[in-house]
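Residue numbers (this note's numbering): 1101 to 1452.
Contents: one structure, followed by commentary.
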């Protein structure tokens, strides 16, 4: 028998379709602006993220948490890219053991549990390669992060992060989007993973932070430590066993193994892309399985990131959204207060 509990911070209507109560465990960012200073405390849980919320989400050690991201709050349609505008880069996940997840400020050490980074493609430059963000788009915004089964029970912060590299060819150009979730993990063991500090684990000159993806890439190493006891996904793999946890929006059915029979989800409003996103954190008793997908669909971008109308009557890209560049066919104007700037000419122009 399938059981689903929704812990919601987004539309009450969506939550009421699935569950009769709501808890809050995500620390919603104050805006959709990226963090670009890797020495800032904002790197931990985004701007304003050092302040906790009241609730915690219960997760079992060894289970799989599904984080879901979309461009607009409440929009879980698979017809729109989760993160558009050529915001290519790795998707990462971290845990931090804390005394109380509702009051922790993110200054305790972190260990990486998930990484979907890069794999070589068949195009002429790195932008045409496989990236974690392309996988996220292919999977309708859903990312599976396995909770290690040997870590101690207790409170944790889960940090989900996208490192967008579309303008990372110059110092300070990488755009980092992250949200923190307050978890209480049960079960587990007594392992003590090696920890890194945030800030501290990233440097502005790291090859995973300062990189021109519009050149041919022989390799790419994501920023931060190696993954501990979690899940490293090969960029370009398809999705399987990913559950939505709600009845809103179209579900990605995936291939391979059957979907797990238990799902505990967290629906929330977060920012992990170029625009406000919807994040779903779901706990299942089975890890995701993957298989390689040699599809060009994962490497394409669309103009779906445009969410506003320009004063002249045409469409307008949001701040930090793409507004031009080689092959771009989307909006070329920006929302009021932003200007279209060629940040990686001739490949990429962005509203700033």
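Each residue gets a CB set at the ideal place from its N, CA and C atoms; glycine is no exception.
Keep in mind the model is a prediction, meaning the values are calculated, not measured.
- Remark: C-beta atoms of residue 1334 and residue 1219 approach each other more closely than 8 Å.
- The alpha-carbon separation between residue 1150 and residue 1198 amounts to approximately 13 Å.
- Judged by pairs of C-beta atoms under 8 Å, the stretch 1127–1145 does not touch the stretch 1231–1248, as fewer than three such pairs exist.
- By the C-beta density criterion, residue 1323 is buried, having at least 16 other C-beta atoms within 10 angstroms.
- For residue 1261, the CB contacts under 6 Å within the same chain, skipping 5 residues up- and downstream, are 1192 and 1278 in chain order.
- Under the three-state reduction of DSSP, residue 1222 is assigned to coil, being neither helix nor strand.
- Spatial neighbours of residue 1281 in its own chain (CB-CB distance under 6 Å, excluding positions within 5 residues in sequence) are listed in chain order as 1125, 1126, 1258 and 1381.
- Around the Cβ of residue 1200, a 10 Å sphere holds fewer than 16 other Cβ atoms; the residue is exposed.
- Linking residue 1299 to residue 1229 through their CA atoms gives a straight-line distance of about 29 Å.
- Note that the C-beta distance between residue 1213 and residue 1169 is not below 8 Å.
- Non-local beta-carbon contacts of residue 1203 in its own chain, meaning distances under 6 Å to residues more than five positions away in sequence, involve 1152 in chain order.
- Of the candidates 1428, 1435 and 1183, 1435 places its Cα closest to the Cα of residue 1418.
- Spatial neighbours of residue 1254 in its own chain (CB-CB distance under 7 Å, excluding positions within 5 residues in sequence) are listed in chain order as 1197 and 1285.
- Annotation note: the stretch 1278–1341 contains no uninterrupted alpha helix (DSSP H) run of length 4 or greater.
- The residue among 1433, 1425, 1426 and 1429 with its C-alpha nearest the C-alpha of residue 1414 is 1433.
- Taking each of 1320, 1135, 1183 and 1294 in turn and checking the Cα distance to residue 1306, the smallest one comes out for 1320.
- According to the DSSP assignment, residue 1237 belongs to no beta strand (DSSP E) but to the alpha helix (DSSP H) extending over 1232–1238.
- When C-alpha distances from residue 1302 are compared across 1138, 1129 and 1329, the shortest belongs to 1138.
- Secondary structure at residue 1227: helix, using DSSP grouped into helix, strand and coil.
- Taking C-beta separations shorter than 6 Å and ignoring five residues to either side along the sequence, the partners of residue 1264 in its chain run 1187, 1189 and 1275, following chain order.
- Note on residue 1450: 16 or more other CB atoms within 10 angstroms of its CB, so buried under the neighbour-count rule.
- Less than 8 Å separates the beta-carbon of residue 1165 from that of residue 1247.
- By alpha-carbon distance to residue 1428, the top candidate from 1442, 1437 and 1438 is 1442.
- Within the stretch 1235–1265, the complete beta strand (DSSP E) segments at least 3 residues long are 1242–1246 and 1254–1264, listed from N- to C-terminus.
- Residue environment: residue 1318 is assigned as exposed (fewer than 16 neighbouring CB atoms within 10 Å of its CB, all protein chains considered).
- Straight across, the Cα-Cα distance linking residue 1222 with residue 1315 is about 13 Å.
- Counting only the Cα atoms, residue 1215 lies some 20 Å from residue 1160.
- In the three-state reduction of the DSSP assignment, residue 1216 falls in the strand class.
- With fewer than 16 other Cβ atoms inside 10 Å of its own Cβ, residue 1446 counts as exposed.
- Contact between residue 1424 and residue 1440 holds: their C-beta atoms lie close to 6 Å from each other, under 8 Å.
- Sequence-distant partners of residue 1162 (beyond 5 residues in either direction) whose C-beta falls short of 6 Å from its own C-beta, in its chain, are 1249.
- Following the DSSP letters along the chain, one finds residue 1195 inside the beta strand (DSSP E) bounded by residues 1191–1198.
- If you compare the alpha carbons of 1226, 1252 and 1267 with that of residue 1288, the shortest gap goes to 1252.
- Between residue 1243 and residue 1167, the gap from beta carbon to beta carbon is short of 8 Å.
- A straight line joining the alpha-carbon of residue 1272 with that of residue 1136 spans about 6 Å.
- Per DSSP, the beta-bridge partners of residue 1417 are 1434.
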